[in-house]
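Residue numbers (this note's numbering): 16 to 147. Everything on this sheet refers to the single structure shown next.
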Amino acid sequence: MKVQGKMFIWLSVFVLAMAIVYGVWSKEPAGTTALFLAFGLCIMVGYYLAFTARRVDVGAQDDKEADVADDAGELGFFSPHSWQPLALGVGGALAFMGVVFGWWLLYFSTPIILIGLWGWVFEYYRGENQNQ
Numbered sequence: 016m017k018v019q020g021k022m023f024i025w026l027s028v029f030v031l032a033m034a035i036v037y038g039v040w041s042k043e044p045a046g047t048t049a050l051f052l053a054f055g056l057c058i059m060v061g062y063y064l065a066f067t068a069r070r071v072d073v074g075a076q077d078d079k080e081a082d083v084a085d086d087a088g089e090l091g092f093f094s095p096h097s098w099q100p101l102a103l104g105v106g107g108a109l110a111f112m113g114v115v116f117g118w119w120l121l122y123f124s125t126p127i128i129l130i131g132l133w134g135w136v137f138e139y140y141r142g143e144n145q146n147q
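Dropping the structure here:
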């Protein structure tokens, strides 16, 4: 985590320098604002990673003598199968089509989105995948 934190902090220094150069040279407010916002995002992520690195164990990425296999392990639990993203995708597509064809389409897409969201949140509380 220390390496990633340092990388983001150095990236934020670079982005800040480029934002200043771009702002002085171009006098264009939209791009300058975007670069300053990118600086803010980089410094927030870098600070978070550097702050968190002090509280967690040293990882394999912080050891210069480590191999790639040293960082292997479980990354988390990922659902092997789920139909809920399909419902959310269909509901989202209908909702965005409501912008084109009329806001009345939201009356049909909102229940589909809510059913998909409800099913996704509670899919491991009932049925064959309970208590996984």
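Backbone N, C-alpha and C define an ideal beta-carbon position, used for all residues, glycine too.
Buried or exposed: which applies to residue i, given that a residue is buried once 16 or more other Cβ atoms fall within 10 Å of its Cβ?
| i | result |
| --- | --- |
| S27 | buried |
| V115 | exposed |
| A87 | exposed |
On a Cα-Cα basis, can you pick out the residue from the options that is closest to residue i?
| i | options | result |
| --- | --- | --- |
| L101 | L129, T47, V39, A84 | L129 |
| F92 | M33, Y139, E43, Q19 | Y139 |
| A65 | L52, K17, D72 | K17 |
| D77 | G142, F137, K21, Q145 | K21 |
| I58 | W135, T47, F29 | F29 |
Please return the same chain residues whose Cβ sits closer than 8 Å to the Cβ of residue i, not counting the five positions on each side in sequence.
| i | result |
| --- | --- |
| T125 | G106, A110 |
| L120 | L109, A110, M112, G113 |
How is residue i classed by DSSP in three states: helix, strand or coil?
| i | result |
| --- | --- |
| G134 | helix |
| Y122 | helix |
| Y37 | helix |
| K42 | coil |
| Q145 | coil |
| G106 | helix |
| G117 | coil |
So, at 7 Å on beta carbons, what are the nonlocal neighbours of residue i in its own chain, with the 5 sequence-adjacent residues on each side left out?
| i | result |
| --- | --- |
| I127 | A102, V105, G106, L109 |
| Y62 | none |
Secondary structure, alpha helix (DSSP H): runs of 4+ residues fully inside the stretch 46-103: none
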